[in-house]
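A short worksheet on the structure shown next.
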Amino acid sequence: FERRAVRLGIRTTGWVEVLEGVAAGDRVVTRGAYEIKLQASSGAVPAHGHAH
152 FERRAVRLGI
162 RTTGWVEVLE
172 GVAAGDRVVT
182 RGAYEIKLQA
192 SSGAVPAHGH
202 AH
């Protein structure tokens with residue numbers, strides 16, 4: 152997981168054109184980046200503040 156600068160183009164409801172910064176075949180995170188960052192640094196995603 153790495154943060155990248157991108158140049159955006161046309162934006163419509165639910166869609167955004169990415170002009171630069173992402174290559175074909177790259178995997179992109181659009182939601183849940185916080186959980187990925189936590190997992191990468193600690194090896195596990197913490198509970199939601201309570202036990203199950």
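First residue of the sequence shown? That's 152 in this note's numbering, and the numbers climb one at a time after it. A virtual CB, placed ideally from N, CA and C, is assigned to each residue, including glycine. If you're wondering where the values come from, they're calculated on a predicted model, not measured in any experiment.
Name the DSSP beta bridge partners of residue i, please?
i           : result
residue 157 : Looking at the DSSP assignment, residue 157 forms no beta bridge with any residue, so it has no partner.
residue 162 : 167
Hey, residue i and residue j are a contact pair by Cβ (cut 8 Å); roughly how many whole angstroms apart?
i           : j           : result
residue 187 : residue 180 : 6 Å
Given residue i, which residues of its chain have a CB within under 6 Å of its CB, disregarding the five upstream and five downstream residues?
i           : result
residue 191 : 152
Which residues mark the beginning and the end of the alpha helix (DSSP H) in which residue i is found?
i           : result
residue 175 : Premise fails: residue 175 is in no alpha helix (DSSP H) and is neither H nor E.
Name the two residues that bound the continuous beta strand (DSSP E) containing residue i.
i           : result
residue 169 : 166–171
At the level of alpha carbons, what is the spacing between residue i and residue j?
i           : j           : result
residue 167 : residue 157 : 11 Å
residue 154 : residue 193 : 18 Å
residue 161 : residue 184 : 23 Å
residue 174 : residue 163 : 21 Å
residue 170 : residue 182 : 20 Å
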